[in-house]
Amino acid sequence: MGKRITLPDVAELAGVSKTAVSLVLNERPDSRLSQAVVDRVRTAAATLDYRPNPAARSLRMGKTQIVGFISDDVAITRYASAMIRGALDVALQYEHTVLIAETGSDPGRREQAVQAMLDRQTDGLVFGLMGAKVIDLPAIPDDVPVVMLNGSSSVEHASVTPAEFDAGAAMAELLVGAGHRRIGIVGYPPPVLFDPQVSLTIADRLAGILTVLDHAGLTPTAKVEHRHWEPSNGYTATHQILDSHREVSGLICMNDRLSFGAYQAIQERGLQVPGDISIVSFDDDELASYLRPQLTTARIPYEEMGRQAMAMLLDPAVPSRQIKVPMPIQHRGSVREISRIDHE
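For the sequence shown, the numbering used here assigns the number 1452 to the initial residue and increments by one for each residue that follows.
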C-alpha cells in the first residue's frame, strides 16, 4: 500500500495553502474563498482520493463519527436483521462507522456492551430489539443520544416501532370488506402478552383487529389463545376452530408462522385457501410468499425502522420522539370475496 494521502498533498496539487484546503474540506461557510479555489481543492482531493484522518477529525470536531448498535438477538436472526441494514445505510450517508454488539436478553451483557461503547466515545447509541418490548437500560450520560429501535426503554427514550394498531385494523378490514362475518383468531394473545416488558405492540395489534370488528357489529366467532406463535400451535388451533365452528370463513392469524400451521390443518380437512377459508396475517416472513396460495400479510418494516432510528440519531433536522412506522400490506392470494349466499 502507498503512503496515506495527507492535507499537504492536496494543498500542493491544488496550488493553495493547507489552511485553504482545511477550510474547504471542513465546509467552513465563513472562509471567503473564491469558487475557483474551492473547485481546485475539491478536484485535487478527489484525484488523490484524500480521506481525512479520523483521529485528527475527532479531536477537532469533538466527535468520533462512530455510533453503537446494541441488540439482543437482531444480528443473528434473519427475521429482523434488515434493521441493521437500514441503520448501516443511513450511517454511511452521514459518514459514520457503526460498532455492533449482541447481548441476548442478559442485562449484565447489555451493561458491558454499553460501557464498551462509551469507552470508545461513540456519538450515540441505537438499541435494537428482536421482539418489541420495554427494557431497562444501564446508566448512560445525558449527552449521549439514545434511540430505541423496535422497542422502548423504561425512561422513554426516543423510539421507533411498527404501527401495529393500524396494521391490525387493516387486516381485519380486508376480511370484513370482502364480506366475511364469521371470523376466527388464531393465536389470540393471553394476558401475559399485554405486559409491555413482554410485548410492547401485540396489544395494539389486537386492539386494531377488535376495533374494526366492533365497528362492523362483529365479535370473533372463535379464538384460540397461544403465547408461542409457532406453526405447530397454528395447526392445532385451526383444527380446534374447525371442530367447533365449521361455519368460520376467515381466519386472522397473529403471525405468519401460525398461518403456516393453519394452512396445513385446512388442507388436511380437504378444504382450500381461500376457496373455503380466507387467511390474513402479520410479519411478512419469507415463508409467506412460499405458501400456495401466497399469504396476504402486514409486513413489519424492519429496514425502514432501522433507517429512521439512525436518522433520528444523526440528523439534527429529525426530532427525537416516539414514532410508529406504517406496516405495508402485502396483498396476495389468501383472501376471497364472498357474497351473502355464502353465509346461508
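Just so you know, even glycine gets a beta-carbon here, dropped at the ideal spot from N, CA and C.
Assumed close pair residue i, residue j - CB separation to whole angstroms, cut-off 8 Å
i: E1754; j: A1533; result: 4 Å
i: T1689; j: V1637; result: 6 Å
i: I1634; j: L1669; result: 7 Å
i: N1601; j: M1756; result: 6 Å
i: G1712; j: P1682; result: 4 Å
i: S1785; j: I1730; result: 5 Å
i: A1538; j: M1761; result: 4 Å
i: V1472; j: L1484; result: In fact, because the Cβ distance is near 10 Å, the residues do not count as touching under 8 Å.
Strand pairing of residue i, partner residues [DSSP]
i: R1750; result: D1734
i: I1774; result: V1611
i: S1603; result: V1585
i: Q1781; result: T1748
i: L1550; result: G1519
i: G1635; result: A1673, L1702
i: G1579; result: S1522, L1600
i: S1729; result: G1701
Close-in-space but distant-in-sequence residues of the same chain around residue i (CB under 6 Å, 5 per side omitted)
i: Y1545; result: L1765
i: D1524; result: M1581
i: A1618; result: A1749, M1778
i: G1519; result: L1550, M1568, T1573, L1576
i: A1716; result: Y1686, T1689, H1690
i: P1596; result: G1575, L1764
i: Q1773; result: S1610
i: D1587; result: S1605
i: I1521; result: A1552, A1564, F1578
i: D1736; result: D1707
Cβ neighbours of residue i in the same chain (closer than 8 Å, five flanking residues each side left out)
i: R1783; result: A1739, S1740, P1744, Q1745, L1746, T1747, T1748
i: G1726; result: R1787
i: I1591; result: V1565, L1569, L1576, V1597
Residue from the options whose Cα sits closest to the Cα of residue i
i: T1672; options: D1655, E1698, A1654, G1685; result: E1698
i: A1654; options: V1663, G1628, P1642, L1664; result: P1642
i: F1645; options: A1629, E1676, H1631; result: E1676
i: T1687; options: S1650, R1708, L1474; result: R1708
i: L1651; options: V1585, H1666, F1616; result: V1585
i: V1488; options: T1554, R1502, S1468; result: S1468
i: P1770; options: V1598, A1542, A1590; result: V1598
i: A1614; options: S1604, A1583, Y1501; result: A1583
i: I1692; options: F1578, P1767, Y1639, S1556; result: Y1639
i: K1775; options: R1502, F1733, S1473, V1611; result: V1611
i: I1456; options: D1500, T1470, T1494, V1492; result: D1500
i: F1616; options: V1663, R1720, R1632, R1483; result: V1663
i: R1632; options: S1700, L1484, S1473, R1529; result: S1700
i: D1665; options: Q1516, V1627, D1694, P1767; result: V1627
i: H1696; options: K1674, N1684, S1710; result: K1674
i: S1732; options: Y1714, Q1718, S1710, A1629; result: S1710
i: S1556; options: L1722, V1649, Q1486, T1494; result: V1649
i: W1680; options: D1594, R1491, D1734; result: D1734
i: T1515; options: V1492, A1542, R1720, S1603; result: A1542
Contacts around residue i, its chain only, beta-carbon distance under 7 Å, and the 5 residues preceding and following it disregarded
i: D1540; result: R1758
i: A1496; result: V1461, L1476
Distance cut-off 6 Å: residue i Cβ against heavy atoms of the ligand ATP
i: R1536; result: With respect to the ligand ATP, the structure shown offers nothing to examine, as it has no ligands at all.
| query | Is the segment 1567 to 1576 close to the segment 1535 to 1551, with three or more CB pairs under 8 Å? | reply | By the C-beta criterion, the segment 1567 to 1576 is judged to be in contact with the segment 1535 to 1551, since at least 3 inter-stretch pairs fall below 8 Å.
| query | Does the segment 1552 to 1563 come close enough to the segment 1772 to 1780 to have 3 or more Cβ pairs within less than 8 Å? | reply | Fewer than three beta-carbon pairs drawn from the segment 1552 to 1563 and the segment 1772 to 1780 are found closer than 8 Å, and the two stretches are therefore not classed as touching.
| message | Check whether the segment 1645 to 1664 and the segment 1619 to 1627 are in contact - that is, three or more C-beta pairs closer than 8 Å. | response | Contact between the segment 1645 to 1664 and the segment 1619 to 1627 is present, because at least three Cβ pairs lie under 8 Å.
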